[in-house]
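Residue numbers (our numbering), protein chains in the order written: chain A, 1 to 472; chain B, 473 to 1516.
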């Protein structure tokens, strides 16, 4: 006989958030969706009398210090997936039921664990450790288990009679039936699954569409209910014990190359690449040292990765000889590189991204940045450092002609007082970008000094003169 | 040095200008400008306010009327040198506006070509091709009236642009003139200007960057600065242009439609003739000499002020209503005149109430005549269409209402501009209690999680304060029509309203008043509909013909006033609210004028001015009636020395504080709009000092001022109250003598008034009126009277059935067999669709043909019974396959009644279903069921409260039908709890409500433990403990379903 377990997590995203911010003060929190409905509540919010699907206004009135955070289905799914991955270590057939549930097929596991009790002991221990609120129940079919779990039946049993009795007593709002259909049933005086199941299917077929019949069929187990069981996530994790301890970091490249080749093979099989490696070096006495090596454009070739690793290892002082290496890749990224044309000559050259990776590996990522034009009046804000190779808004094709106002090629980050005589040739251009600080207005001029240099000057409200840049 | 600013936009260029016309003219005058042109974009909506400010403050500044237009890359300003040019401008704006939907405009080249009188200031764009095209074009058509407007905004590369303009000017022989393109009256408004720009762009400020103004140069600038920026010749030119602009708004003279007066008569003689005719109808046994004298006095005054046409226009309107049998009633100061009584504009009989007729139109108060006419709310549109048809769309349009930023809208828009998340703003808006007297909204922001020291919060607070009162858009006035002799668009621009087929002018009622243009108010009133329907029912079923004037003429009826004194006023006009009901037994109105007072006294004005208790005490003889002076006695004698009405307060300002007529009129206007503008404050000192100087006590003066503030938006004049009292009395009379007809008419006129059908029917039952349920064979669309024993019973109409279409109900009634329907298939054959049938089943209207609602629905669901395809709606929804299967099965199982498959609903289920399907139940009250089931231990019923002693503890339970937090009662919420015996009043103090938030806010059925308090015949329960019993009901029915 098939047996299923359903786990329902009523506040997965919120519980996850609270765990990651453990030390923050205890406040009532609610997640709200875009329609301003409460989707998830923490315990304090529940204590204040808030209910799911409540409107924001009544919620706020009930609980004035309520904190609101957006409900993010994508994040919720991520957490759910993560929970499933964790449980996968204990139970093999797990199917996601977004946004908040998991189906677990048990009949295969019972033999392994020698019964339902021991299985549940292990599983619930794991669940409790995860520390997310959950509801659960067994059922003879996936839908039966889900229906029972949603009403907090908490049945851990394979007793058909008990499960069936509980199912028949279930109210319709615990089912998967669409809200309008549930209301329709209520308006016929039908409130429980038992009442519904007692009516001959023929009578139902004369009155309702296939949605109801197919649900009831699956619920009873008459129809096959296909579940999409979880596949473990791919990744790469290898440990290499060195044959002899290595004290020179440059020598580490050799053994590392082996690992990287293995990685290349695995990436090749999956037609994937990856953006980041975690390299861990193990020492006898000191704690292991972890290096993170990134490639902005994504790489799969061992040679390319090796080059990047070399750059980092070159200057790395080792506290003592290394005896083992571990290489981890947590995530494989999409498609492998576009196949290059046969006759393209670019092969040897570096792409901008490759150059960037090398610069970052060499100088540290903080030392490399780009420059973008910002849509701002104030010269200090009109250009800005940005992530390298990220295009600013001027490149989005929406810049007004004023975006290309005449500005000096070299802008001083701190304007210098003007100390030499100049002749003004253009101006003033008055800039007062902040309506709150009229006193901070500046009148900009273009002037020329005796050496013939073109200066960008301004005079502030106190009639003081400054140099802000030089024209080329 | 002299300068005239010829290009200046006020905040009537919505979300561009950042200063009001008033601020702009005041500042321009202070800076010593010679003239200021208000040139809003395709609009003259702000000019009257500027005009009024200049006149009121007697500023040495010339106002020029103009408007700025944008057509692709062309931008130009049109200015009006004279009245012809002004009419031309109005016409151009009207055309451009009428081409587009509300709030937008579309200018065409043709519009520009048709300019023959306006001056044109052209603003080059910098785009070479376009500028040369337009320079040529403009020079070709408008030489001599054309200037090139030079701006200096200290923007980037301005020198080059200036040179360019000069070159264009010399190439096309254009004279240059300086202009400021002003958007602000002071540079300090830059932050607000940035903010409104962001609102306009629909983006947060920080994303706008260079789209914002780069500096504050678009403010009105001091003359020395302008002298530095512009060559003298350009500045001189601005004055030369201003010199040539001689048009003044005071030249606008309003011409009434002449067709109202028959040929050979003057307006005056025709009005006199109509009044004499009318007086014969109104005073069938001869006009009393006193009244005749009044008529003469009024006619003379009307003639002196030239208001004949105004009265004739309204007379024409009510004549139309009479012909169409639309009930109406006039109100307002001019309405309470014998002339209006004779013209049948009102039904207020001068013999019944003398006091009113002494004040009619007043020369010294300088206020325009005020007549509002209320019509039946369901038929007002007929009157409006009559106006359009009679005068045409060119000559009749609605006045505008300027929709301004209020606190919430300002907070939302400023918040968005500052980049606060929308959900946070929603949260703030929902939680800020503007009535909280203990902390200001700024303080509450902190409590609601905004860091009150952060820059954003401080900016938010300041900008919200500045933005409040700024106009957002023009909307249509509820019913104020402007009608003229010639095309309106020569007087004022006309634009489209949001409603299709409606047009509004660009001025609101204050503007019209300023310019002394008259408007006719055509308003809608639900009670008139109800009264007319009741008259018809009485005529039809009791064969008695009634009219408002007829009932009035019967004199004050003690039996009717007894009903009013007992606060048995559910469904009556004006005196049905909670507050009114609690005041009625104390005030005990016993005659018509008492009702006039009653209606006006339960209002924020008198309450805030603390005038209610003194009046009660004096009326009940507890306090002697006294007057601080003889002048005051004259004003206040009819209300026992206590100012109750708006007119009295204005009159007090004149006699006791020495206000001139003009000042009193300003005060009246300020009262009407003070919530928006806060203008009242400027009168405070003058009022209080004035009264003290004349020997009145400070405390009395303070109270008068408080009352003025309280009147604010709810100002309630005696002249309106007088007309309302007539309707209140008529409705009470009908309720007393013809209760079934009264309730039926009221129910057929919903939505209106305070009460739901459920509450009205419960009140009807308490008056021994039988109510019959909705029935497929007994009901019609409306509620109806059906013979029942000696009297009539009320039969629920199909209109009460939620989800039943009017068309479906019509089919049902049309095809109903003489003996009634006997099966569902007959109904299907009549053409009712599925949702209509479902609605009928839900309302239990099918009980006679297919059993209770569960089994009726079960049968209706059966697809086989509905075949062959009578039921279109359902057939379409099914897949073909299912249909095939179903039709194959038809032969085997013949459709037959299968009643009893489902168990019948329980009694409580029936009640809940009744509420869900019709909003009411004629069966047991849910509270009665709960009581019977023992769920309300020790609860006293509402009827039982009369046996409870004053100040003793009591427990009551009931459906919460009303949560009301009046602005006048600080921190108090009134709850109405309804059970099977009636409705009880519960008072919840703020602290109680806060401590028991959850039950207080969410309970549908509430149990209250509290103390009973009784004052005279008024009973309240002061709440102590609140318990939510809603879940009891849910548990009781074993399923949770929202109801009521």
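Beta carbons are placed, not taken as given, at the ideal position from N, Cα and C, and that holds for glycine.
All values derive from a computational prediction rather than experimental measurement.
Would you please verify whether the beta carbon of residue i is less than 8 Å from any beta carbon of chain A?
i	result
residue 899 of chain B	yes
residue 662 of chain B	yes
residue 548 of chain B	no
residue 1455 of chain B	no
residue 1348 of chain B	Reliability of the predicted coordinates at residue 1348 of chain B is poor, the pLDDT of 40 falling under 50, and no value is obtained from them.
residue 1326 of chain B	yes
residue 627 of chain B	yes
On the DSSP bridge assignment, give the partners of residue i in chain order.
i	result
residue 37 of chain A	A/55
residue 968 of chain B	B/975
residue 1446 of chain B	B/1436, B/1459
residue 1427 of chain B	B/1481
residue 8 of chain A	A/101, A/135
residue 225 of chain A	Partner(s): none; residue 225 of chain A has no beta bridge.
residue 386 of chain A	A/370
Please confirm whether residue i and residue j have their CB atoms less than 8 Å apart.
i	j	result
residue 678 of chain B	residue 654 of chain B	no
residue 71 of chain A	residue 116 of chain A	no
residue 101 of chain A	residue 239 of chain A	no
residue 1073 of chain B	residue 1204 of chain B	no
residue 11 of chain A	residue 41 of chain A	yes
residue 297 of chain A	residue 250 of chain A	no
residue 1248 of chain B	residue 1297 of chain B	no
residue 4 of chain A	residue 105 of chain A	yes
Kindly give me the distance between the Cβ atoms of residue i and residue j, rounded to whole angstroms, as I take these residues to be in contact under 8 Å.
i	j	result
residue 949 of chain B	residue 870 of chain B	5 Å
residue 312 of chain A	residue 280 of chain A	About 13 Å; that fails the 8 Å criterion.
residue 1314 of chain B	residue 187 of chain A	7 Å
residue 482 of chain B	residue 491 of chain B	6 Å
residue 1430 of chain B	residue 1451 of chain B	4 Å
residue 961 of chain B	residue 562 of chain B	5 Å
residue 197 of chain A	residue 181 of chain A	No, residue 197 of chain A and residue 181 of chain A are not in contact; Cβ-Cβ is about 15 Å, not under 8 Å.
Tell me whether residue i is buried or exposed, calling it buried when 16 or more other Cβ atoms sit within 10 Å of its Cβ.
i	result
residue 410 of chain A	exposed
residue 529 of chain B	exposed
residue 146 of chain A	buried
residue 1346 of chain B	Note on residue 1346 of chain B: pLDDT 39, under 50, position unreliable in the model; no value is reported.
residue 981 of chain B	buried
residue 804 of chain B	buried
residue 1422 of chain B	exposed
residue 1109 of chain B	exposed
Looking at the C-beta of residue i, does it have a partner C-beta in chain B at a distance below 8 Å?
i	result
residue 402 of chain A	Reliability fails at residue 402 of chain A, whose pLDDT of 47 lies under 50, so the model's placement of it is uncertain and the value that follows must be treated cautiously. It does; some Cβ of chain B falls within 8 Å.
residue 264 of chain A	no
residue 29 of chain A	no
residue 396 of chain A	With a pLDDT of only 45 at residue 396 of chain A, under the threshold of 50, the placement of this residue in the model should not be trusted, and no figure is reported.
residue 421 of chain A	no
residue 152 of chain A	no
residue 373 of chain A	no
residue 463 of chain A	no
residue 253 of chain A	no
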